[in-house]
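>
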Amino acid sequence: MRHLLQAIAELRNGSSFILEPAVTEPHTADSLAQQGLDLLAEGRPVEAALAFRSAIAADGSHVEAHHGLVRALRDAGQLNQSVGAAMALATLTPNDPLAHAALSISLQHAGHIPQAEAAAARARVLEWKQQLQSPPGEDSLS
4 MRHLLQAIAE LRNGSSFILE PAVTEPHTAD SLAQQGLDLL AEGRPVEAAL AFRSAIAADG
64 SHVEAHHGLV RALRDAGQLN QSVGAAMALA TLTPNDPLAH AALSISLQHA GHIPQAEAAA
124 ARARVLEWKQ QLQSPPGEDS LS
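Residues 4 to 145 in our numbering are what the sequence shown spells out, letter by letter.
Shown next, in the form of C-alpha coordinates:
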(Lines of atoms letter the chains of each structure in order from A and count residues from 1; the text may use other names and numbers.)
(Lines give C-alpha, C1' and ligand atoms only; values in the text may rest on other atoms or scores of the structure.)
Protein backbone atom coordinates (compact mmCIF):
# COMPACT_ATOMS: atom_id res chain seq x y z
CA MET A 1 0.00 0.00 0.00
CA ARG A 2 2.84 2.38 0.84
CA HIS A 3 4.35 1.76 -2.61
CA LEU A 4 1.04 2.69 -4.25
CA LEU A 5 0.69 5.87 -2.18
CA GLN A 6 4.25 6.86 -3.07
CA ALA A 7 3.52 6.29 -6.76
CA ILE A 8 0.40 8.48 -6.57
CA ALA A 9 2.36 11.24 -4.85
CA GLU A 10 5.06 11.10 -7.53
CA LEU A 11 2.40 11.29 -10.24
CA ARG A 12 0.89 14.38 -8.63
CA ASN A 13 4.35 15.98 -8.49
CA GLY A 14 4.90 15.29 -12.17
CA SER A 15 7.65 12.79 -11.55
CA SER A 16 7.95 9.84 -13.83
CA PHE A 17 7.82 6.46 -12.22
CA ILE A 18 7.40 2.83 -13.06
CA LEU A 19 4.96 0.68 -11.16
CA GLU A 20 6.52 -2.68 -10.50
CA PRO A 21 4.27 -5.69 -10.05
CA ALA A 22 4.16 -7.12 -6.58
CA VAL A 23 6.42 -10.11 -6.23
CA THR A 24 4.53 -13.08 -4.91
CA GLU A 25 5.74 -16.59 -4.37
CA PRO A 26 3.87 -18.98 -6.60
CA HIS A 27 2.04 -21.72 -4.76
CA THR A 28 3.76 -24.95 -5.56
CA ALA A 29 2.24 -28.34 -4.90
CA ASP A 30 4.80 -28.87 -2.12
CA SER A 31 3.94 -25.61 -0.33
CA LEU A 32 0.21 -26.25 -0.69
CA ALA A 33 0.58 -29.78 0.66
CA GLN A 34 2.59 -28.43 3.60
CA GLN A 35 -0.16 -25.89 4.23
CA GLY A 36 -2.64 -28.78 4.25
CA LEU A 37 -0.53 -30.68 6.78
CA ASP A 38 -0.33 -27.61 9.00
CA LEU A 39 -4.12 -27.19 8.84
CA LEU A 40 -4.62 -30.85 9.71
CA ALA A 41 -2.33 -30.45 12.71
CA GLU A 42 -4.43 -27.45 13.80
CA GLY A 43 -7.58 -29.57 13.64
CA ARG A 44 -8.98 -27.82 10.56
CA PRO A 45 -9.66 -30.72 8.16
CA VAL A 46 -12.08 -28.89 5.85
CA GLU A 47 -9.52 -26.16 5.12
CA ALA A 48 -6.80 -28.81 4.87
CA ALA A 49 -8.80 -30.66 2.21
CA LEU A 50 -8.98 -27.45 0.17
CA ALA A 51 -5.21 -27.00 0.41
CA PHE A 52 -4.58 -30.62 -0.60
CA ARG A 53 -6.98 -30.27 -3.54
CA SER A 54 -5.09 -27.16 -4.64
CA ALA A 55 -1.80 -29.08 -4.40
CA ILE A 56 -3.26 -31.87 -6.52
CA ALA A 57 -4.51 -29.32 -9.05
CA ALA A 58 -0.95 -27.96 -9.26
CA ASP A 59 0.57 -31.44 -9.56
CA GLY A 60 -1.76 -34.38 -10.06
CA SER A 61 1.00 -36.86 -9.24
CA HIS A 62 1.80 -35.35 -5.82
CA VAL A 63 1.36 -38.53 -3.76
CA GLU A 64 1.67 -36.83 -0.36
CA ALA A 65 -1.13 -34.41 -1.26
CA HIS A 66 -3.34 -37.35 -2.23
CA HIS A 67 -2.60 -39.06 1.10
CA GLY A 68 -3.34 -35.81 2.93
CA LEU A 69 -6.61 -35.35 1.10
CA VAL A 70 -7.76 -38.84 2.07
CA ARG A 71 -7.00 -38.11 5.73
CA ALA A 72 -8.48 -34.61 5.72
CA LEU A 73 -11.74 -35.78 4.17
CA ARG A 74 -11.97 -38.65 6.64
CA ASP A 75 -11.29 -36.32 9.58
CA ALA A 76 -13.95 -33.93 8.24
CA GLY A 77 -16.48 -36.75 8.23
CA GLN A 78 -16.75 -36.72 4.45
CA LEU A 79 -16.41 -40.48 4.29
CA ASN A 80 -17.61 -41.16 0.74
CA GLN A 81 -15.32 -38.44 -0.60
CA SER A 82 -12.47 -39.94 1.44
CA VAL A 83 -13.10 -43.32 -0.20
CA GLY A 84 -13.09 -41.67 -3.61
CA ALA A 85 -9.83 -39.86 -2.88
CA ALA A 86 -8.29 -43.11 -1.60
CA MET A 87 -9.38 -44.92 -4.76
CA ALA A 88 -7.73 -42.20 -6.84
CA LEU A 89 -4.56 -42.60 -4.76
CA ALA A 90 -4.55 -46.38 -5.21
CA THR A 91 -5.04 -45.88 -8.95
CA LEU A 92 -2.16 -43.38 -9.07
CA THR A 93 0.17 -45.69 -7.10
CA PRO A 94 -1.16 -49.22 -7.65
CA ASN A 95 1.91 -50.94 -6.15
CA ASP A 96 2.06 -48.82 -2.98
CA PRO A 97 0.91 -50.73 0.11
CA LEU A 98 0.23 -47.46 1.94
CA ALA A 99 -2.25 -46.36 -0.73
CA HIS A 100 -4.22 -49.58 -0.31
CA ALA A 101 -4.01 -49.30 3.48
CA ALA A 102 -5.44 -45.76 3.23
CA LEU A 103 -8.22 -47.11 1.03
CA SER A 104 -8.91 -49.86 3.57
CA ILE A 105 -9.15 -47.36 6.45
CA SER A 106 -11.47 -45.06 4.51
CA LEU A 107 -13.67 -47.95 3.46
CA GLN A 108 -13.82 -49.18 7.05
CA HIS A 109 -14.84 -45.74 8.36
CA ALA A 110 -17.51 -45.54 5.66
CA GLY A 111 -18.91 -48.91 6.78
CA HIS A 112 -17.81 -50.95 3.76
CA ILE A 113 -16.20 -53.74 5.79
CA PRO A 114 -15.82 -56.47 3.12
CA GLN A 115 -14.23 -54.00 0.69
CA ALA A 116 -12.02 -52.66 3.49
CA GLU A 117 -10.79 -56.18 4.25
CA ALA A 118 -10.04 -56.75 0.56
CA ALA A 119 -8.04 -53.50 0.35
CA ALA A 120 -6.14 -54.43 3.53
CA ALA A 121 -5.31 -57.84 2.05
CA ARG A 122 -4.04 -56.15 -1.12
CA ALA A 123 -1.84 -53.88 1.00
CA ARG A 124 -0.35 -56.89 2.83
CA VAL A 125 0.36 -58.74 -0.44
CA LEU A 126 2.08 -55.67 -1.90
CA GLU A 127 4.17 -55.27 1.25
CA TRP A 128 5.18 -58.95 1.14
CA LYS A 129 6.19 -58.58 -2.50
CA GLN A 130 8.37 -55.60 -1.60
CA GLN A 131 9.97 -57.58 1.24
CA LEU A 132 10.70 -60.49 -1.09
CA GLN A 133 12.41 -58.15 -3.55
CA SER A 134 14.64 -56.68 -0.83
CA PRO A 135 18.06 -58.21 -0.22
CA PRO A 136 18.15 -60.55 2.80
CA GLY A 137 18.62 -58.71 6.07
CA GLU A 138 17.41 -55.37 4.68
CA ASP A 139 14.31 -53.94 6.32
CA SER A 140 11.99 -52.58 3.60
CA LEU A 141 10.34 -50.18 6.07
CA SER A 142 13.49 -48.21 6.83
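Glycine is no exception: its CB is placed at the ideal position from the N, C-alpha and C atoms.
By a C-beta neighbour count over all protein chains shown, 10 Å radius and 16 as the cutoff for buried, is S137 buried or exposed?
S137 should be labelled exposed.
> Determine the DSSP secondary structure at N98, reduced to helix, strand or coil.
If DSSP states are grouped into helix, strand and coil, N98 belongs with coil.
> Check each candidate in A123, K132 and Q133 and name the one with the smallest Cα separation from A89.
Comparing Cα-Cα distances from A89 to each of A123, K132 and Q133, the minimum goes to A123.
> Could you tell me the alpha carbon to alpha carbon distance between I116 and L35, rounded to whole angstroms?
Each residue's alpha carbon lies about 33 Å from the other.
> Quick check on P48: does DSSP put it in helix, strand or coil?
Three-state result, P48: helix.
> In or out: S64 buried (at least 16 other Cβ within 10 Å) or exposed?
S64 should be labelled exposed.
> Is D41 helix, strand or coil when you go by DSSP?
If DSSP states are grouped into helix, strand and coil, D41 belongs with the helices.
> Let me confirm a value: G39 is counted as buried when at least 16 other C-beta atoms fall within 10 Å, else exposed. Which label applies?
Under this definition G39 is a buried residue.
> Apart from the five residues just before and just after V173, which ones in its own chain have a Cβ nearer than 8 Å to its Cβ?
Any property of residue 173 remains undetermined from this structure, which presents the chain solely from 4 to 145.
> Leaving out the 5 sequence neighbours to the left and right, which residues in its chain are closer than 8 Å to H30 when beta-carbon positions are compared?
Contacts found: S57 and A61.
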